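Student: My structure is below; once you've seen it, I'll send some questions.
Number of protein chains: 2
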Amino acid sequence: MHGHSIGELSRRTGVKVTTIRYYEGRGLLPDPGRTDGGQRRYGDAELDRLSFIAHARQLGFDLDAIAELIALQETPQAAHGDAHRIAKNRITEVRDRIERLRRLEVELVRVLNACDGHSDGQPCRVLHALADHQACRGEH
Amino acid sequence: MHGHSIGELSRRTGVKVTTIRYYEGRGLLPDPGRTDGGQRRYGDAELDRLSFIAHARQLGFDLDAIAELIALQETPQAAHGDAHRIAKNRITEVRDRIERLRRLEVELVRVLNACDGHSDGQPCRVLHALADHQACRGEH
DNA sequence: ATACGACCTACAGCGACTGTAGCTTCAAGG
DNA sequence: CCTTGAAGCTACAGTCGCTGTAGGTCGTAT
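So the protein lines, in turn, are chains B and H. For the first sequence, the working numbering assigns the number 197 to the initial residue and increments by one for each residue that follows. For the second sequence, the working numbering assigns the number 197 to the initial residue and increments by one for each residue that follows.
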């Protein structure tokens, strides 16, 4: 038997078996060869491509962006502009997300500090602070 | 006619009409009164609760956590511990997320810098850098 | 009385998987 | 060669938090 089984690909890339099949359904992986019994057998090219996908996913690219990047890989010349654009978009997204999360953190700390945790019998002021949107005007 | 229509609640809270009905289905809002014709009519208590939910959602609490916070509001005494725990968990989540995004940003910049964008005819090195998981060991 | 916007229910779809049910196949040990 | 058990197969439902659609009804102003 030559070729890697789907389980072996899974072990080597950390991508779950069901997810690999899902990627195939989405067109990110080609229909691999099959054994007589109908089980998938992969070559090293598929392993490389799956590693690429896994890494790009960890970097937060969505599957459409990854499909586009794969298409660029297949036409190596003149792909710089597109690849750079996709990567730059992603960096911008990440920076925006960080900025928003930082403001969130500030406000969550404010909410938590609204109550000292000791005024027994009184409603917790955290709950009140959560209801109060006035205090965080412009933060989100 | 007394009571607010669902559209009025929507306008006042910024929560879409369909979303308000969805919250009702999820048990976050009570079954409100209805007109003879079957349209929902809300009081101020529902408006307040919806504002609470909207604000908590903006802070990234999931609907289960919000349901728990609402339950705490209804039993004001001794709710401090729970409310603080939920809020602290959220802060921890947000900080983790920021940390991971920061590492992501560093690596995305590395990926983008892998190619100067000018070596025409050669495959773009951004694509290679995306495939190469070795260079970012331990980063994610 | 009519027009028209707002409302109603019920259900399908999104993204990126995950989990389940109920099978079949492969590879190793006896 | 035969059995066993892990690994594989398909197909479809469920996750989360909505959003959108279809096809109808209601409320209010003129």
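Note that CB positions come from ideal geometry on N, CA and C, so glycine has one too. Here the structure is a predicted model, which means the values were calculated and not measured.
For chain H, find out if any of its Cβ atoms is closer than 9 Å to the Cβ of alanine 279 of chain B; answer yes or no.
Tutor: Position 83 of the first sequence, counting from 1, holds the residue named residue 279 of chain B. Yes, its Cβ sits closer than 9 Å to a Cβ of chain H.
Student: 9 Å is my cut-off, CB to CB: does arginine 286 of chain H come that close to chain B?
Tutor: Taking the first residue of the second sequence as position 1, residue 286 of chain H is located at position 90. It does; some Cβ of chain B falls within 9 Å.
Student: Answer yes or no: do tyrosine 238 of chain B and leucine 259 of chain B have a C-beta to C-beta separation smaller than 9 Å?
Tutor: In the first sequence, residue 238 of chain B corresponds to position 42, counting from 1. In the first sequence, residue 259 of chain B corresponds to position 63, counting from 1. In this structure, leucine 259 of chain B does not lie closer than 9 Å to tyrosine 238 of chain B by Cβ.
Student: Look at arginine 222 of chain H and arginine 230 of chain H and say whether their C-beta atoms are less than 9 Å apart.
Tutor: In the second sequence, counting from the first residue as 1, residue 222 of chain H sits at position 26. In the second sequence, counting from the first residue as 1, residue 230 of chain H sits at position 34. No, these two residues do not count as a Cβ contact at 9 Å.
Student: Between the C-alpha atoms of glycine 210 of chain B and alanine 250 of chain B, what's the straight-line distance to the nearest angstrom?
Tutor: Residue mapping note: residue 210 of chain B aligns to position 14 of the first sequence, counting from 1. Residue mapping note: residue 250 of chain B aligns to position 54 of the first sequence, counting from 1. Computed Cα separation, rounded: 8 Å.
Student: Taking 8 Å as the limit between beta carbons, can you name the residues of its chain near arginine 286 of chain H, skipping five residues before and five after?
Tutor: The sequence position of residue 286 of chain H within the second sequence is 90, counting from 1. So the qualifying residues of the chain are Leu255, Gly256, Phe257, Ala261.
Student: With 9 Å as the threshold, decide whether the Cβ of arginine 217 of chain B is near any Cβ in chain H.
Tutor: Position 21 of the first sequence, counted from the start, is the residue given in the question as residue 217 of chain B. No, no contact with chain H.
Student: So, does the CB of proline 319 of chain H fall closer than 9 Å to a CB anywhere in chain B?
Tutor: In the second sequence, the residue the question calls residue 319 of chain H occupies position 123. Chain B, which has a Cβ nearer than 9 Å to the Cβ of proline 319 of chain H, makes this yes.
Student: Under 9 Å, Cβ to Cβ, is there at least one residue of chain B near serine 247 of chain H?
Tutor: Indexing the second sequence from 1 puts residue 247 of chain H at position 51. For serine 247 of chain H, the answer is yes, since a Cβ of chain B falls inside 9 Å of its Cβ.
Student: Taking isoleucine 294 of chain H as the query, report the chain B residues whose CB atoms sit under 8 Å from its CB, ordered along the chain.
Tutor: By 1-based counting over the second sequence, the position of residue 294 of chain H is 98. Going along chain B in sequence order, the residues near isoleucine 294 of chain H (Cβ under 8 Å) are Ile294, Leu297, Arg298, Glu301.
Student: Let me confirm a value: lysine 212 of chain H is counted as buried when at least 16 other C-beta atoms fall within 10 Å, else exposed. Which label applies?
Tutor: Numbered from 1 along the second sequence, position 16 holds the residue referred to as residue 212 of chain H. Counting Cβ neighbours within 10 Å, lysine 212 of chain H comes out exposed, since fewer than 16 surround it.
Student: Could you please give the first and the last residue of the uninterrupted alpha helix (DSSP H) stretch that includes histidine 251 of chain H?
Tutor: Stepping through the second sequence from its first residue, residue 251 of chain H is reached at position 55. 240-254 is the span of the alpha helix (DSSP H), which, as asked, contains histidine 251 of chain H.
Student: Check arginine 207 of chain B in the structure and name its three-state DSSP category.
Tutor: What you label residue 207 of chain B is simply residue 11 of the first sequence in a count that begins at 1. It is helical.
Student: Compile a chain-ordered list of the residues in the segment 223-248 of chain H whose CB is closer than 8 Å to at least one CB of chain B.
Tutor: Against chain B - using a Cβ distance shorter than 8 Å - the residues of the segment 223-248 of chain H are Asp244, Ser247, Phe248.
Student: When you compare each of B:Asn309, B:Phe248, B:His198 to isoleucine 216 of chain B by their alpha carbons, which one comes out closest?
Tutor: On the first sequence, residue 216 of chain B is found 20 positions in, with the first residue counted as 1. Selected option, being the one with the closest Cα: B:Phe248.
Student: For the alpha helix (DSSP H) that contains threonine 231 of chain H, what are its first and last residues?
Tutor: Stepping through the second sequence from its first residue, residue 231 of chain H is reached at position 35. That residue, threonine 231 of chain H, is in no alpha helix (DSSP H); it is neither H nor E in DSSP.
Student: Do valine 322 of chain B and leucine 300 of chain B have their C-beta atoms closer together than 9 Å?
Tutor: The residue you call residue 322 of chain B lines up with position 126 of the first sequence. The residue you call residue 300 of chain B lines up with position 104 of the first sequence. Cβ distance not < 9 Å, so valine 322 of chain B and leucine 300 of chain B don't count as in contact.
Student: Is it the case that the Cβ atoms of arginine 208 of chain H and leucine 243 of chain H are separated by a distance below 9 Å?
Tutor: Numbered from its first residue, the second sequence carries residue 208 of chain H at position 12. Numbered from its first residue, the second sequence carries residue 243 of chain H at position 47. For arginine 208 of chain H and leucine 243 of chain H, yes; Cβs fall inside 9 Å.
Student: Leucine 255 of chain H versus chain B: which residues are under 7 Å apart at the beta carbon?
Tutor: Walking along the second sequence from the start, residue 255 of chain H turns up at place 59. Result: Leu300, Glu303, Leu304.
Student: For a contact defined as C-beta to C-beta under 7 Å, what are the partners of valine 307 of chain B on chain H?
Tutor: Taking the first residue of the first sequence as 1, we reach residue 307 of chain B at position 111. Chain H residues near valine 307 of chain B: Ala283.
Student: Have a look at the DSSP bridge pairing and note the partners of histidine 276 of chain H.
Tutor: Numbered from its first residue, the second sequence carries residue 276 of chain H at position 80. BP columns for histidine 276 of chain H are empty, so no partner.
Student: For a contact meaning CB atoms closer than 9 Å, what does arginine 208 of chain B contact in chain H?
Tutor: In the first sequence, the residue the question calls residue 208 of chain B occupies position 12. Within 9 Å Cβ-Cβ: nothing; arginine 208 of chain B doesn't reach chain H, min ~11 Å.
Student: Strictly by DSSP, which residues pair up with arginine 237 of chain H?
Tutor: The residue you call residue 237 of chain H lines up with position 41 of the second sequence. Answer is H:Gly229, bridged to arginine 237 of chain H.
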